[in-house]
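Residue numbers (the working numbering), protein chains in the order written: chain A, 1 to 674; chain B, 1001 to 1469; chain C, 2001 to 2409.
Here is the structure we will look at, set down as structure tokens.
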Amino acid sequence: MKKRKKIFLIASILLLIGFVGFHGRKIATDHVQYMTAGEPHTLNCFSCHAYIVRNGPIAKMVKEQYLSPMNMAVSSDGSILYVTAQEGNKLLAVNTTNHQIEYSINVGERPHTVVLSKNGKTAYVSNQWSYNIFIIDLDKRQVTDTLITGTGPAGMAISENNDYLYVANTYSSDISIFDLNSKQEIRRLSAGKDPCGVTISPDGNSVFVSNRLSNKVPFRSTPKSEITIFGTKYQRVTHRDIFPSATIQENTAITPSGDLAIVPQVRPKNLIPTAQVEQGWMMNHGIGIIDLKNDHKKIQLLTDEPNAFYADPYDIVISPDGKKAFISHSGADVITVLDIDAIRNIITTSTDEQLEMYSNHLGISSQFVIARIHTGANPKGLVLSLDGKILYVAERLDDKIAIIDTKTLKKLESIDLGGPGMTVSRFGQQLFHSSGHTFQGQYSCLTCHPDSHQDGLTWDMGPDSGRDLANTQTLLEIDQTSPFKWNGKNVSVFMQDGMRFSKFLTRTEVFNQKELDALVSYILTELDLPPNPYRDPSGKLTNAQQRGKIIYERTETNCGRVIPVMDRCVTCHPAPLYTDRRQDDVGTRKAADDDEVFDTPSLNNTFDSPPYLHDGSAFSLEEIWTKFNDHDEHGYANDMTKDQLNDLVEYLKSLGSSELYTDTEHKTTEASSH
Amino acid sequence: MKRKNIIYIMGIVLAVVLIGLFSLKSDTEPVNGMIIFTQVFPGTTDYDADKARIVAITPENDKPEILSEGFYAARSPVLSSDARYILFAGKKTMDEPWQIWKMNISSNETEKVFKCKVDCTDPAFLPDGQILYSKMVNVTEDAKGFALFTCNSDGEEHKQITFHPHDDLLSTIMQDGRILFISKQQHPSASTPQLMAMRPNGSKIRLFYLNQNNSWPISRGKETKDGKMVFIESSNANEPGGSLVSISLTRPLHSHELLNNDARYHSVYPLKSGKMIVSCKENNAKTFELWEFDPESKKREKLIFSDPDYWSVEPIAVYARQRPKKLPDELNYKDMTGRVLCLDANNSNMPSLNRAEEASKGTAIQVMGIDGIWGEVPLEEDGSFLLRVTANKALQFRTVNEAGEVVRGPSAWIWLSPHERRGCVGCHEDPEMTPKNVEPMAVKNLPVEVMAPDTQEMEKMNKKSEKKG
Amino acid sequence: MKNMKNLLPNISAKLTVSLFLIGGMIFGLSWIMKSSTDKNVEESNKANTAVNVETESVKTDGEDKSKEAYVMPVYDNWETFTTKDGLPSDKAFCVRVDGDRVWVGTKAGLALYENNTWRTFTEEDGLVHHGVLGIDISPVTGDVWVATLGGLSKYSAGKFDNYTQFNSGMLNDVIYQVTCVGKDVWMATGGGAGKLDTYTGEWEIFNEQNAPMHEPWTYGVTAGDGKVYIAAWGGGVIEYNSSTKSYRDYVDPDGQMELDVFPDDGVVHDITSGVSFADHILWVATYFGLSRYDGLHWNGYFDHDSGLISNFINFVHANGPAAWMCTDKGMSSFDGKRWITYTKNENSAGGEVIITEGDKVIKEKVATSISHNFVLGVDFQDDVIWVATSKGVSRGVARKTNSSTKPQL
């Protein structure tokens, strides 16, 4: 018996060694190759069986709750730094002397910005995924009231007299104005697309709202992003200052003298074939300047250099003396310091022709950039101490706050907020937000996927110039929707982000296996869709949505004829993913398309992903059928009345992801408050 | 479980571990602190370098140890990122052409990487393990020059990667993965050497640095930790050495800084400390010596080595450095054409050859090879053009107006690698201009094919162009 | 009986009217067919040249301007604006006051009068269509909503956002009137009435499918006291209660197309051309007379039995307790007792002011008058009245209403 035990033991160990060492290894390798369909992937069972599992016990074991400091405000006496912990769902009060967290307050989902009342006793926190504002009594350290906003409240500002709160609603693209005495929303102004930052002019008469994405423009024409300006007297929009070929305008700063408004911006090259990255052919970064004393003249200057790019500019602050501006480049882990007098000099001494030329000149930055200060991972919100001597930087993906001396322009130290250790997906999150893996640091994944979603642009990414134009797709909750890419040729994210990614997109060294595992883990397990405001958390549909659902699922035309199975909405877009994960020709192919079939996209939160179709040629859901479905190939629709089409659109807008993920139920609950 | 069983299991596990350990490739550690350099007889120039030798000194022994024992001449050493190996150019006999050799620093074992019938020199380690070198070729029918080649570490699969009528020498690999080299036009006339950068597969060739004040680079560029490229620049071809200068990697064309010209500098190598070793010869001295140089104070601080009988040049401080990035190779060697897109051929830094402003706008683009005109293609209204051209052949562009008169050009020589896609903002445009984000009209159509014609067709084109004047 | 007397002349008149209306519909439909696909690009090419004066618009509909005894003003000192002054076309369909600014919708574009100069907006500027039929100002945001023959435009600080039946839930691109009610924008279109919730972007459609209408064609929409009133072609007036989401329709009780058999029994005709609500009174314009509804009683008014200058009413605009009727023969105003009508002489700039109260009528020759008798729109700017006609836009100033200036009857 004992002998048999020994033999069994030895045999099984030898078998194990044999399996791993010899033929078994081949079987395992073949399995990995088949599943990832990428370049040879090292044999690591965890890559697929632990790192990319969204739910379940393994996911619970490997997941951590990070803080991710986003934006900050300094108390009136400068002793406390209030920090929104975007992923920790907290407001942190950090002592600026001993660098300890004095206390924290639980807030809503994805807190974005904190602003303080003039007397410093009240904090207002925008909960971007709860679609509300928490009013916090800082003496009692508790939430005392809630203001319901539009969707995706982000940047905020309080009027000089403390009577009004101005809130940029990123997802609903509007601006809520609250009367802080009655705590009522008294107006909602339309903004550009994806408003984010809110700034009041030094004289208190105007409010500047920066918009991240371009307004709607004709297909394949220059994107135009807006700075929405409204007066504080009548609270009406007075200016919509447009910057051509600019996106991701997150925040604006105005000089103390009130002569210039400066907004960091990404300068995409989406209309030009992506033939190369050299010479800034894919993405530039710079500032947009509104000359407020010169009839709102617009000037654009690049902050990049010929061989160095500073990706994903986010925040900007100006020193109290108006001499220096600080911009956080969240993709490059750099703070760029600008000499504002040098910028004024360029504006006043240059002709309009020269300024036009400078707007695309990579050398101009040498005239006004005075320093590049390196920071921790993903620098986001900036705030200056009251005397302007210290610049605080939210090192979002390090869970730290950097302290920078604004005189020596050196980083002194970082305040560690005490986030957990590094997980695989957190490492992936850092890679996703870093431009270090593109040639010359020209862009990060986030540059084209703000909030991991989409930039609303159509890119000329095809192997031949001017062909196979591709509309940027969202990365939110794609883990069950393979294959990827509009033509569905990438069967896994490992393949999508592997060697092909390196050859045709990043144009630099391919991710190593550790990096690739981490990036895929982050993309497949951490990216959730925001709550769908058109969807009741109970799943109850409105009357229009119910009528739309009947049309979505119909099998007969209005005349009673049977609709062929392949011409029904539900055939290619079945719940819960609303995609059959196949590629089809639905009559949307254009002359410039070499691909004959296109991947069927998921329809979850489709209301929030215009433009539509593979090339972004449909500006709205309606246009999919009113302009691009002449022969009913993209669903039988030409028999519908306008009422029916509207009902169908209302139903499509309600499609969300709550059936898929139990952990997102809270989001829909929050959404219901809206 | 009984103790015996545990012993059994431990024994098996130990055996497995031992097998694993033995199967690992053993290797040597880098020799830190060593300085390797070349010694040449006074007065010999770099490329005959008669009886030049590669030597090494260490902190323990400042008497040079000859590493190139048994070579008639050896020079141009470069260090691998892991500081274990050097590549160098060497010849065993006087009549043998320069060959590329590899040496294990700690064991002094040398091996010829491959056999070359003509001079092969200035090797460099590419990040993917390949080897880069300059080889003498016919750049035109009647002119010789060095072109850049790559091969595998075993000396197989040689690929020529530069195809313009230039002399391409003294390559270095930048941390971003690109090759930086000194390139001097040979045809139709000799021009000032300049620094050019390109990807290791020969694609995306671009001007990196050109001195406007009649000086030119004469040494390999060396990248410093603070993002600069240091090298030697000369304005006198008859005197060895020159000035020590640096340029910023982020803006190389407009960041020239003179570090020192109080002596004749020959070569430079950054130290781990941030300081540098320079090879220089003071004005009244007879020999090139090795000095420690402080880039902060811009002064030589300490003499490291001096030999009255030899010039000591091309120093290398032996320490491991970060490997440059491995750039991916997107080329398709089955497609021997490349595509070039120009956004506006009339966007140029070149002065117009036509006085009248009206006439200074080009309406067509001419593609010219070394032997004549390949073809002429009308420009789109916005000045854009999209061409598919023969790969791996030198070509230039020039714009012509409706009257067939040359408006601007010819441009600098370029070539397209197999299946390369290359974009230009203009023709000889300001290299710091980035494209305007406007869809070029040329991409609305498929690329126009302009292939290198055979001789007969070329003659026709030449006659046609002569008539146009 | 008095109606019977006028039966014969009315028949021929009403036949002509019907033909005109059918022509109007065909004209409208032709614009839908014409509407270019480029119109739905919601972007102003001149967005950076915003009209950037921050002004407070004064929305008069539904406002009780003063509690003191109301005296309907007489307007005088008329000034006329035409293409010579900078209007894109003399054919003005509508006029809307926006604080210090005045917007005019014409056949050839949208015109803005500001700082004594006219500025024009057309498709080139981002306007969805140049045929502008209606204008309203959002009381919440100050945005200008423009109803055109090719869709709806929102103008905000230099930017046009356009809504058409191709790119949005807009039910029909022929839009006759637009009315802002809080955050909602209501429109009367050739395919029914529609509502856009500017907060959620949700569209609601009101047509013969879901509302008590005979035809989807609607000409006017107004709101007040929590209700929305829609002038529906052939369907009289549809009342929609926003809180209960319930409907009530008001049609001509006698159902007669040619005559009003029983006076004051309801809306005078099912073919309604406009509605306007103010001071708790609903005014209904038809091509066959005027109706007034105070929530309890209906009153009908005709050219032959009142001071109304013509039964053919293009547009009605209520301002306080009075209403201004824009007709094919001039403009009449009525405060419940007194009528004041403005007409223009054929061959001179002068005209006539006709004041009627009961059987008493005074006619006053005036040196200046409205620029044409075919009147299509009217709005008020403090003591100034703006009138849109088929030959230019007129601006009149209210006489001081004291005992000396008030006309004695």
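A virtual CB, placed ideally from N, CA and C, is assigned to each residue, including glycine.
- Following the DSSP letters along the chain, one finds S47 (chain A) inside the alpha helix (DSSP H) bounded by residues 45-49.
- Below 8 Å, enough C-beta pairs join the stretch 1118-1138 of chain B and the stretch 1320-1332 of chain B to call them touching: three or more.
- For Y552 (chain A), the uninterrupted alpha helix (DSSP H) run begins and ends at 543-552, by DSSP.
- With fewer than 16 other CB atoms across the displayed protein chains lying within 10 angstroms of its CB, C559 (chain A) is exposed.
- By the neighbour-count criterion, in which 16 or more other beta carbons inside 10 Å mark a residue as buried, K1334 (chain B) falls on the exposed side.
- Apart from the 5 residues on each side of it in sequence, Q545 (chain A) sits with its Cβ closer than 7 Å to the Cβ of E650, Y651, S654 in its chain, given in chain order.
- By the rule that beta-carbons nearer than 8 Å mark a contact, T1058 (chain B) does not touch chain A.
- Within chain A, the C-beta atoms nearer than 7 Å to that of A2157 (chain C) come from V237, T238, H239, R240, in chain order.
- Excluding its 5 nearest sequence neighbours in each direction, Q367 (chain A) has C-beta neighbours in its own chain below 7 Å: A342, I346, listed in chain order.
- Distance from the CA of D2270 (chain C) to the CA of G2255 (chain C), rounded to the nearest whole angstrom, comes to 8 Å.
- Between the stretch 2383-2396 of chain C and the stretch 2077-2087 of chain C, the count of C-beta pairs closer than 8 Å reaches three or more; the two stretches touch.
- Taking a Cβ-Cβ threshold of 8 Å, none of the residues of chain A is close to V2144 (chain C); the smallest such distance is about 11 Å.
- Within chain A, the C-beta atoms nearer than 8 Å to that of S2168 (chain C) come from S620, E622, in chain order.
- In the structure shown, S521 (chain A) adopts helical secondary structure according to DSSP, grouped into three states.
- Taking a C-beta cut-off of 9 Å against chain B, the contacting residues of the stretch 203-226 of chain A are R220, S221, T222, P223, listed in chain order.
- Along the length of the stretch 234-307 of chain A, whole beta strand (DSSP E) runs at least 3 residues long occupy 237-244, 260-268, 283-291, 297-302, reported in chain order.
- Per DSSP, E1257 (chain B) is one residue of the beta strand (DSSP E) stretching across 1257-1270.
- The Cβ-Cβ distance between W1101 (chain B) and L1087 (chain B) falls below 8 Å.
- Fewer than three beta-carbon pairs drawn from the stretch 186-202 of chain A and the stretch 428-447 of chain A are found closer than 8 Å, and the two stretches are therefore not classed as touching.
- The DSSP-derived three-state label of V83 (chain A) is strand.
- Proximity of chain A to W2203 (chain C) at the Cβ level (cut-off 7 Å) is accounted for by N646, in chain order.
- Boundaries of the beta strand (DSSP E) harbouring T1390 (chain B): 1385-1390, taken from the DSSP string.
- Secondary structure at C572 (chain A): helix, using DSSP grouped into helix, strand and coil.
- Proximity of V2275 (chain C) to chain A, defined by a Cβ-Cβ separation below 8 Å, is not satisfied.
- The residues S2306, G2307, L2308, S2332, S2333, I2354, I2355, T2356, E2357, in chain order, have a CB closer than 8 Å to that of W2339 (chain C) in the same chain once the five nearest residues on each side in sequence are set aside.
- In the DSSP assignment, Y358 (chain A) falls outside any beta strand (DSSP E) and lies within the alpha helix (DSSP H) extending over 352-358.
- Note on the stretch 2096-2167 of chain C: whole beta strand (DSSP E) runs with a minimum of 3 residues are 2101-2106, 2109-2114, 2117-2121, 2132-2137, 2144-2148, 2151-2156, 2159-2163, in chain order.
- Boundaries for G428 (chain A): no beta strand (DSSP E) harbours it, while the alpha helix (DSSP H) harbouring it runs 424-432, taken from the DSSP string.
- Contact between E305 (chain A) and L362 (chain A) holds, with the beta-carbon distance rounding to 6 Å and staying under 8 Å.
- Buried is the label assigned to Q1366 (chain B), since at least 16 other Cβ atoms lie within 10 Å of its Cβ.
- In the DSSP secondary-structure assignment, S1080 (chain B) is not bridged to any residue.
- Contacts with chain C at 8 Å (Cβ-Cβ) do not include V198 (chain A).
- In the structure shown, the three-state DSSP call for H2214 (chain C) is coil.
- Only residues of its own chain outside the window of five on either side were considered, and among them G2300 have a CB closer than 7 Å to the CB of P2263 (chain C), listed in chain order.
- B:K1228 is the residue among B:I1173, B:N1138, B:K1228 whose C-alpha sits nearest the C-alpha of P1295 (chain B).
- Residue ranges of uninterrupted beta strand (DSSP E) with 3 or more members are absent from the stretch 455-531 of chain A; none lies entirely inside it.
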